[in-house]
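Heads up, the thing below is written out as structure tokens.
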Amino acid sequence: MRQIFLYLFLLFNLLIGISSCKTETSSLLPQPITDTIPIEIPFSTFHIPISYPISELEQFLNEKIQGKFFETTIAPTKNEKDQVKVEMTKNARIEISSNNGKLICKVPLMVKGSITNSQVNFLTKGIKPVETELILILETPADLDKDWRLVTRFELTNIKWVKPPVVKIAGINFQLETKLDAYLQQNKGQLTDLLDRELHKAVSLEKAVGKIWLDLQKPMIVVKKPPQAFIRFICHSISGDFKIRGDDLVCFTTIKTQVAMVAKTEMKVERNELPRFKLVTQNSSMSDVHVYAFAGFAQLNNELGDKLIGKEFITDEFSTTIRNVRVYASDSGLTVLMDAKGDIDATIAATVNPRFDSVLQTFLMENFQFQIVSDNALVNLGNAVLYDRVRDTVQTYLAIEMDTLIRKLPAIITGAINKGKTGRAIDVDISKLKILSCQIALGSKRLHFIVHTQLTSEIEVKQINAGKRVRIKAKKKAGS
Numbered sequence: 166m167r168q169i170f171l172y173l174f175l176l177f178n179l180l181i182g183i184s185s186c187k188t189e190t191s192s193l194l195p196q197p198i199t200d201t202i203p204i205e206i207p208f209s210t211f212h213i214p215i216s217y218p219i220s221e222l223e224q225f226l227n228e229k230i231q232g233k234f235f236e237t238t239i240a241p242t243k244n245e246k247d248q249v250k251v252e253m254t255k256n257a258r259i260e261i262s263s264n265n266g267k268l269i270c271k272v273p274l275m276v277k278g279s280i281t282n283s284q285v286n287f288l289t290k291g292i293k294p295v296e297t298e299l300i301l302i303l304e305t306p307a308d309l310d311k312d313w314r315l316v317t318r319f320e321l322t323n324i325k326w327v328k329p330p331v332v333k334i335a336g337i338n339f340q341l342e343t344k345l346d347a348y349l350q351q352n353k354g355q356l357t358d359l360l361d362r363e364l365h366k367a368v369s370l371e372k373a374v375g376k377i378w379l380d381l382q383k384p385m386i387v388v389k390k391p392p393q394a395f396i397r398f399i400c401h402s403i404s405g406d407f408k409i410r411g412d413d414l415v416c417f418t419t420i421k422t423q424v425a426m427v428a429k430t431e432m433k434v435e436r437n438e439l440p441r442f443k444l445v446t447q448n449s450s451m452s453d454v455h456v457y458a459f460a461g462f463a464q465l466n467n468e469l470g471d472k473l474i475g476k477e478f479i480t481d482e483f484s485t486t487i488r489n490v491r492v493y494a495s496d497s498g499l500t501v502l503m504d505a506k507g508d509i510d511a512t513i514a515a516t517v518n519p520r521f522d523s524v525l526q527t528f529l530m531e532n533f534q535f536q537i538v539s540d541n542a543l544v545n546l547g548n549a550v551l552y553d554r555v556r557d558t559v560q561t562y563l564a565i566e567m568d569t570l571i572r573k574l575p576a577i578i579t580g581a582i583n584k585g586k587t588g589r590a591i592d593v594d595i596s597k598l599k600i601l602s603c604q605i606a607l608g609s610k611r612l613h614f615i616v617h618t619q620l621t622s623e624i625e626v627k628q629i630n631a632g633k634r635v636r637i638k639a640k641k642k643a644g645s
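Everything in the sequence shown is counted per this note's numbering, starting at 166 for the first residue and increasing by one.
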């Protein structure tokens, strides 16, 4: 009898020990953080070169300017009765190129000289008109005005005669080159003013830049499942550095903005209208971008729950299946609490400290901690097999979820800019995106990220409408 009581006493103490061990271990599980944390969103600087092909200017002018350029009557001799009607007509494509930061415009003209009157008029009847060609060469710098319109200041710099114009009156050759050169110099404003006026009227970056500026500020959904989340660009200022670069006119725009992921209830921010163009020298082509993003624990619970609930962990001693998952921030780090049932019923706590490795460009889960609470006396914290399997599973799934969120950034930024398509064709290219760092902070409801990245981007405006054709008004007469 005494032996039976001794066994009962030992069994009772064993049960008490197991029960007290579970209670004590439960109290040592990582406790949730209850405080929210303030987040300060750094400013981002987007450098977006918006290029306008010079070939488009060339195409525009060739569609816009057709036919007769100049028409005048000159006296090739000292006698005013001798008169030659001179007509200049565009006979080939206008060519525009660039050199040393200026646009070079070559205008090919057919020159037709017809003798209309002569002191010996009976000798000139039946003489066919004289035809030759010349090329007008004009140069201009290029700028933008405050309204984002192209500003040119064309100057006639050279007149190249393919063959000097010569008319024969009474058997004598008379050179028209000198008088026509003087005429062209005297009337060059008709051509330069036309080019300046038509290009200023037609070529504007306001619509392209304005559409990008406004569309950047439109929320973009990044989490479709409730609770939904959006990316907002809060644009503060824009400036540009306008240059002629090779075959393009380029406005190197600099946009100061804040980029933040927001919940649906946090989107009430008015859009700022496009400011006027402001010239500022740009020293870098790389955009320096800080993006605030977050992962709500409700979202992580759903995502990890889909992957972990029903997963079975098997050891040589037992098997157990995950029935419930909860993710939260604790003083120890990011904790995944799992309720498991099977050969044993247990609560498993896995805690990690997420860190982004800028060299590997991936998330790492460090300082793994493992705790298990169970009524089963066979289970203990030193179960190496269960420890390794839980660690590998939790770290893999958490890294995938965080990587998925961060890897959306190139598509988010490209999509935000690419929405700026108007009736004009706009090509957008974003490349060399690299994540420099990712700060991670844990709050009571969210996992917060400040992602610092650099990228290059470029936009090309590809088409303008020529509209109605124009011609230079002919000046009927010029003095000798």
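Note that CB positions come from ideal geometry on N, CA and C, so glycine has one too.
No experiment lies behind these values; they were computed from the predicted model shown.
Under 9 angstroms, Cβ to Cβ, is there at least one residue of chain D near residue i?
i      : result
Glu477 : In the structure shown, chain D cannot be found, because there is only a single protein chain.
Less than 9 angstroms separating the beta-carbons of residue i and residue j?
i      : j      : result
Leu315 : Leu414 : yes
Phe345 : Ile239 : One detail in the question is off: residue 345 reads as Leu in this sequence, not Phe. In this structure, Ile239 lies closer than 9 angstroms to Leu345 by Cβ.
Ala514 : Ile479 : no
Thr516 : Phe528 : no
Leu646 : Pro241 : Because the chain in this structure spans residues 166 to 645, residue 646 falls outside the shown range and cannot be described.
Val249 : Thr281 : yes
Val454 : Met426 : no
Asn467 : Gln382 : no
Ile615 : Pro207 : yes
Ile399 : Val424 : yes
Lys408 : Phe417 : yes
Gln526 : Ile420 : no
Leu299 : Val332 : no
Ser609 : Ala458 : no
Leu268 : Pro306 : yes
Thr569 : Leu473 : no
Sort the options by Cα distance to residue i and report the nearest one.
i      : options                        : result
Leu439 : Val524, Thr422, Val427         : Thr422
Leu357 : Asp310, Lys328, Leu226, His455 : First, the amino acid is wrong: residue 357 is Thr here, not Leu. Here the closest residue by C-alpha is Leu226.
Gln224 : Leu370, Thr527, Leu364         : Leu364
Val368 : Lys229, Asn448, Ala257, Met253 : Lys229
Arg520 : His613, Pro195, Gly405         : His613
Asn518 : Glu468, Thr618, Phe535, Asp406 : Phe535
Ser449 : Ser622, Ile280, Phe459         : Ser622
Glu482 : Met385, Gly405, Ile509         : Ile509
Ile565 : Phe407, Leu465, Arg488, Ile474 : Leu465
Ile198 : Phe462, Ile206, Ile259         : Phe462
His617 : Ser609, Ile571, Lys610, Lys325 : Ile571
Leu193 : Ser602, Asp496, Asn352         : Asp496
Val492 : Thr485, Glu260, Ala460         : Ala460
Asn244 : Ile215, Phe442, Phe339         : Phe339
Lys372 : Ile215, Ser263, Ile337         : Ile215
Met253 : Pro330, Ser404, Gln604, Lys433 : Pro330
Met451 : Thr210, Pro195, Gln351         : Thr210
Within 10 angstroms of the Cβ of residue i, are there 16 or more other Cβ atoms? Answer buried if so, exposed if not.
i      : result
Ala505 : buried
Arg551 : First, the residue type needs correcting, since residue 551 is Leu and not Arg in the sequence shown. Burial call: buried.
Asp380 : buried
His212 : buried
Glu320 : exposed
Val501 : buried
His401 : exposed
Lys255 : buried
Pro391 : exposed
Ile318 : Just to set this straight, residue 318 is Arg in the shown sequence, not Ile. That one is exposed.
Gln650 : For the chain, the structure presents residues 166 to 645; residue 650 sits outside this window and is missing.
In three-state terms, what does DSSP make of residue i?
i      : result
Ala564 : helix
Lys229 : helix
Glu189 : Confidence in Glu189 is poor, its pLDDT being 42 and thus under 50, which makes the residue's placement unreliable; the coordinate value appears in the next sentence. Helix.
Asp346 : helix
Asp308 : strand
Lys674 : In the structure displayed, the chain extends from 166 to 645; residue 674 sits before or after that span and is not available.
Ser609 : coil
Glu271 : Here residue 271 turns out to be Lys, not Glu, going by the sequence shown. Lys271: strand per DSSP, three-state reduction.
Ile571 : helix
Ile204 : coil
Thr558 : helix
Ala549 : helix
Trp378 : helix
Gln351 : helix
Leu321 : strand
Gln224 : helix
Ile219 : helix
Ala367 : helix
Phe174 : Confidence in Phe174 is poor, its pLDDT being 36 and thus under 50, which makes the residue's placement too unreliable to answer from.
Thr357 : helix
Arg362 : helix
Item to check | Uninterrupted beta strand (DSSP E) stretches inside the stretch 476-527 (no shorter than 3 residues) | outcome: The DSSP assignment places 477-479, 484-495, 498-507, 511-522 as complete runs of the beta strand (DSSP E) inside the stretch 476-527, in order along the chain (cut-off: 3 residues).
Checklist entry - Whole beta strand (DSSP E) runs in the stretch 398-482 with 3 or more residues, listed along the chain? => result Contiguous beta strand (DSSP E) elements confined to the stretch 398-482 occur at 413-428, 452-461, 477-479, taking only those with 3 or more residues.
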